[in-house]
Structures are given as structure tokens and as C-alpha cells.
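Written out below as C-alpha cells is the structure these notes cover.
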Amino acid sequence: MCLTSSLVAKRRYAFTLVELLVVIAIIGVLVGLLLPAVQAAREAARRMQCSNNLKQLGLGMLNYESTYKSFPAAYYVGEPAGRYNIQPMAIGILPFIEQQNLANQYNSSVTPSNDYGPAGVANVAVISTVVQTFVCPSAPSAQGRIYDGVLPAGSLPGLARITWRAAPSDYTVPTGVRGQYANLAYAAYPGGAGGDRHGVLRATVFNAPTTSKIGDITDGTSNTFLLGERTGGGTLYSGTTAVTLPAALADLARSNGGGWGDALLGENWIAGTIGNPPTSFPEGPCAINCTNVRGRAFHSFHTGGCQFVMADGSVQFVSASVDGFSLCSRVTRQKGEVFSNND
Amino acid sequence: MISLGIVRLNGSSFRPIAYLTIFAGLAGVLGCSEQSNRKPTFPVTGTVHVDGKPVEGIRVELHDSKGLDPKQPTYSSAFTDAEGKFVLSTYDNGDGVPEGDYAITYMWGKLNVMSMAYGGPDKLKNKYVDPKKTPFKLSVTKGKPNELGVVELTTK
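As you go down the protein sequences, you meet chains A and B in turn. Per the numbering used here, the first sequence starts with residue 1, numbered consecutively. Per the numbering used here, the second sequence starts with residue 344, numbered consecutively.
In C-alpha cells:
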């Protein structure tokens, strides 16, 4: 009697091998289920931070507009010729995204360039500072993407080659649609690809009077992009693969306008490209996530699309399979297209 | 059992089922139409020589003889490599060209780094850039790859 009860007690305080194996197997299955979900949740969190940055930039621009009664120029080129005063778009909105300190250090009468004396070099120090609001956490580390920019000789009449150093911006100005992307998108549109295909922000070159007010967005502020994603820095991508450029094309990456203080950020007419483009980056039907080359496509590391802030301050996610007409309609501010906003 | 089924179909549970079926059908149709928005493409390759030598960076473009198809517009182009070779692309790198009759145009320009547009001045003196005047034609038919061979151009 006494013996059996002690045996029963012993059995109660131990697990059998089979029980342990079953528990381990269940834990294994649970971990297997959870880990991919955790990875997806991390990317979802980064994408949310990314869309929050877009929202801040959009609100900054709208506050700039209500203060100065006009959006900032996509970029500004003042005379005299030869030694131009070239100004990027983002300097003006720095005070509206809580970067007043950086704005105070900047001298807007000199081009940020290594070649235009101490004031130009001081401006380079400002634009090579990483500003987290311009960085999408889904993209590679921002510190590693500070790059040397260049504007080749003759890019503007009489211009000698200038260089600078810039910190990345993963958000870009869509200045319009053009080229084969516009041709394909407007193939069935009455009047075709002609007419005003400008985006919201306009470049001011040689003091030409271009204004861009809220009132100029006749297509409707909810239907028009203010800014979109394009991975910045000095690396060009084909899809999400970094491209090694042949030596003859080295300047292409350095002129890609991938910095928040890089004036070329504001010269970005979307002409599309093809899937997995070669280094010639031909124009074509893809304008989302196929490449981050300026003048070709919007680009992000999110799966399946890119985010945009509209001129009403809302953020939209647009799928990579978006219809060209639908995307073009949202880039242009005055073309008057009727389109479906659902993709 | 059968009568029960009929009663159920005529009853309140019919509507959700019907809506679901219609929704699934619509989704299927929409999904299919999105998939088929691309035309099938067939490989087209060739080599460009200018004055007898291969030249890199010449743009090869195709122009449909019927004009741009408004329903499924396509644009096929390529740039030559260091050996003068090119592989035409429409949707993806090297995927080829949809069926049809095309005029081929050639331009030896360069990329404008400011505007990122490929343009003139054309070192071939605009001799091969007009789709109406170019002597080069191409007919792409289903399942038949095209090798255009060596295309001789001249700057003279």
C-alpha cells in the first residue's frame, strides 16, 4: 500500500519523454508561425514611419504655402549665368519641419557647392546633414547613403562642372510626366499626351515667373501628388538590386538628385522604364519600383508599391501594377483627367 | 433534402450567397483582365554598325504601322552595347516585341544629364529617326524569334 502510493507520487512529478517531445514540437510550430509574422510586422512598422515622414513633409509644404502664398520652387536657378545661384526645394520648408537650426546655417545667396568658396562649402555642410524626416526606414541606412553629387559642365548654359556632398532624401518631387510613359498612359485619352503635364511644384529657372499655389491645382488637391517616394543616395537600383554602372556612366548616379538639399531632386519628369532595366534605363511602361533613376520611376523598398502625399496632406499607397493613366492623372495638376482612384 | 435546399435558396440565406458568387465572379474577371493587359512578346535581336564599326549607345525604337494601339499600347526599344548588339524590350528587360508590323528607327544621341531625356544632336544626321522615311521594317509573328543580323548605318 505504502509502496504503490509513493510510486504514483513519483510519476506525478515528472514528464515523460513523449510529453516533452510533444511540447517542443508545439513550441517549434508556434515559432515557425510567428517569426515570419514578426518580420512582416517590422516592415509594416517601418512603412508606417515612412508614411508619417511623408505626411510631415506634406504638412510642412502646405504650411509654407499658407505662409508665403506659394509652394516652394521645385528648384531655383538665378542669374548671373556662369556662376549661377542654384537652390534646392527643401531649404524653404526646413523651418516647417522643425529644422530651423539647419535653415539658420544656410546662405541662400550661394549655390551649395565645393567650388564656390567658403559660403558654398558651408552650405554643403548643411545639406550633407542627415535629416530623419527625409529618410524612409525601409531603405538602407541613411549614413551610408551620403553621396557626392555633380552637375556636369554645360548642364546649364556656360556652367562649369560643380560638385557637392548631400545626405539622402527618399522622397522626391514629381515635376510632371513625359516621354513614353505619358504616350502610353494617354494613348486612349482624347487629345493624347499633349497639354499641361506639370506636377504641383514648378522649377524657377532664370527668374522666370512660375507660381504654384493651391488654387493652381485645378484637378483637385485630393487627386494630385505633392511628393512621392524615390530611394535617394548615390546608388542606382534596378528593382531592388543595386546597379554597378560602367565607368563612362559614373556621373549618372552622382547626378541622380537623391539628396534633400540636392537641387536636382526638383527636376524629375517621370518617363517610365521597363522591368529590371539595364544600365541604359530605356523609357517604358513601369513607373513604380522598377528603378530609382531620376526622370524614370518612383521607387521604394515596400512590397508592391510606393507611398505618396497628396496636395490635401493625405498619404496614399499606390500599387506597382497601377494603370499608367491613373498614375499620370495624379501627377498632373491641371490636365483635367477623370480617373479611378482605387489602385 | 431537395425541398429544404430550395426553401433555403428562396429564404434569407440566398442573398449573401448570391452576392458572394457575383463578387467572386467579378474579382475573377477583373483579375484575369489585369493579367491579360500585357501582349505576348517574341524576342528580337540585332547588331548595329555605323560606317562599318559597332557603336555603343544607339537607340533602336519600333513604331507600329497602325499607330499606337489605344487598348493595349506598347513601346519597344533598346540601346546598343559595346559590340553594337541590341535586344528589344517592351515590358521587361529583353522580353521582345508583340506581334505586328513595325518601322525601325535609329538615333545616335546622348542622355541629357539635367533632364534625363535621351536626345539629339543625332550623329546620324536624323537620317533614320522618321518612322515614315526609315527604310527599316520589321514584321513580328507569333512564336518566331527575329534576328535582324547586322544593320549598316552611315553618318555620310
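Glycine included, each C-beta is placed from N, C-alpha and C at the ideal position.
I'd like the list of long-range same chain contacts for residue 68/A, defined as Cβ closer than 6 Å, with 5 residues on each side in sequence excluded.
Counting from one through the first sequence, the residue named residue 68/A turns up at place 68. Here the set comprises nothing.
Run down chain A in chain order and give the residues with a C-beta less than 7 Å from the C-beta of residue 422/B.
Looking up residue 422/B in the second sequence gives position 79. Correct list: 280 and 282.
Looking only at its own chain, which residues have a Cβ that is under 7 Å from the Cβ of residue 133/A, when we skip the five neighbours before and after it?
Start at 1 with the first residue of the first sequence, and residue 133/A comes out as number 133. Cβ neighbours of residue 133/A beyond the five flanking positions: 53, 56, 57 and 97.
Could you list the residues in the segment 433–450 of chain B with a C-beta less than 9 Å from some C-beta on chain A, going in chain order?
Listed by position, the residues of the segment 433–450 of chain B near chain A (Cβ gap below 9 Å) are 433, 434, 435, 436, 437 and 438.
In terms of residue numbering, what span does the beta strand (DSSP E) encompassing residue 421/B cover?
Position 78 of the second sequence holds residue 421/B. Its beta strand (DSSP E) spans residues 420–422.
Can the beta-carbon of residue 291/A be found closer than 8 Å to that of residue 284/A?
Reading the first sequence from its first residue, position 291 is the one you call residue 291/A. Reading the first sequence from its first residue, position 284 is the one you call residue 284/A. The answer is no: Cβ separation not under 8 Å.
Quick check for students: name the residue ranges of the alpha helix (DSSP H) that lie wholly in the segment 236–293 of chain A, counting only runs of 4 or more.
DSSP runs (the alpha helix (DSSP H)) wholly in the segment 236–293 of chain A: 250–254.
Who are the Cβ neighbours of residue 60/A in its own chain at under 6 Å, not counting the five residues just before and after it?
Along the first sequence, one-based indexing puts residue 60/A at 60. So the qualifying residues of the chain are 93, 96 and 97.
Who are the neighbours of residue 251/A on chain B, taking C-beta pairs under 7 Å?
Residue mapping note: residue 251/A aligns to position 251 of the first sequence, counting from 1. Under the 7 Å cutoff, chain B gives 456.
Along the chain, where does the alpha helix (DSSP H) containing residue 48/A start, and where does it finish?
The residue given as residue 48/A occupies position 48 in the first sequence. Per DSSP, residue 48/A belongs to the alpha helix (DSSP H) from 17–68.
Mind checking whether residue 276/A and residue 320/A have CB atoms under 8 Å apart?
Position 276 of the first sequence, counted from the first residue, corresponds to residue 276/A. Position 320 of the first sequence, counted from the first residue, corresponds to residue 320/A. Contact flag unset, no.
Any beta carbon of chain B sitting closer than 8 Å to that of residue 152/A?
Here residue 152/A refers to the residue found at position 152 of the first sequence. True, the Cβ-Cβ gap to chain B drops below 8 Å.
Hey, does residue 255/A have any beta-carbon neighbour from chain B nearer than 8 Å?
Here residue 255/A refers to the residue found at position 255 of the first sequence. Interface residue, yes.
Starting from the N-terminal side, write out each stretch of the alpha helix (DSSP H) that is 4 residues or longer and does not extend beyond the segment 425–486 of chain B.
You should have found no qualifying run.
Are the segment 468–484 of chain B and the segment 438–451 of chain B touching by the rule of at least three beta carbon pairs closer than 8 Å?
Yes, the segment 468–484 of chain B touches the segment 438–451 of chain B.
Could you compute how far the alpha carbon of residue 157/A sits from the alpha carbon of residue 150/A?
The residue labelled residue 157/A in the question sits at position 157 within the first sequence. The residue labelled residue 150/A in the question sits at position 150 within the first sequence. Cα-Cα distance, rounded: 16 Å.
Among 173/A, 234/A and 41/A, whose alpha-carbon lies nearest the alpha-carbon of residue 226/A?
Numbered from 1 along the first sequence, position 226 holds the residue referred to as residue 226/A. If we check each option's Cα against that of residue 226/A, 173/A comes out closest.
Determine the direct distance from the alpha carbon of residue 112/A to that of residue 351/A, and round the result to whole angstroms.
With chain A represented from 1 up to 343, any question about residue 351/A goes unanswered, as that position is not in the structure.
Do residue 184/A and residue 478/B have their beta-carbon atoms positioned less than 8 Å apart in this structure?
If you number the second sequence from 1, residue 478/B lands on position 135. If you number the first sequence from 1, residue 184/A lands on position 184. Cβ distance not < 8 Å, so residue 478/B and residue 184/A don't count as in contact.
Under 8 Å between beta-carbons, which chain B residues line up against residue 294/A? List them in chain order, please.
Within the first sequence, numbered from 1, the residue matching residue 294/A stands at position 294. By Cβ distance, chain B contributes 459.
Helix, strand or coil: how does DSSP classify residue 119/A here?
Here residue 119/A corresponds to residue number 119 of the first sequence, with the count starting at 1. In the structure shown, residue 119/A sits in a helix (DSSP, three-state: H, G or I).
Residue 411/B touches chain A at which residues, Cβ-Cβ below 8 Å?
Taking the second sequence and counting its residues from 1, the one referred to as residue 411/B is at position 68. Going along chain A in sequence order, the residues near residue 411/B (Cβ under 8 Å) are 183, 184 and 187.
For a contact meaning CB atoms closer than 7 Å, what does residue 169/A contact in chain B?
Locating residue 169/A in the first sequence gives position 169, counting from the first residue. What residue 169/A touches in chain B: nothing, since even the nearest Cβ is about 17 Å away.
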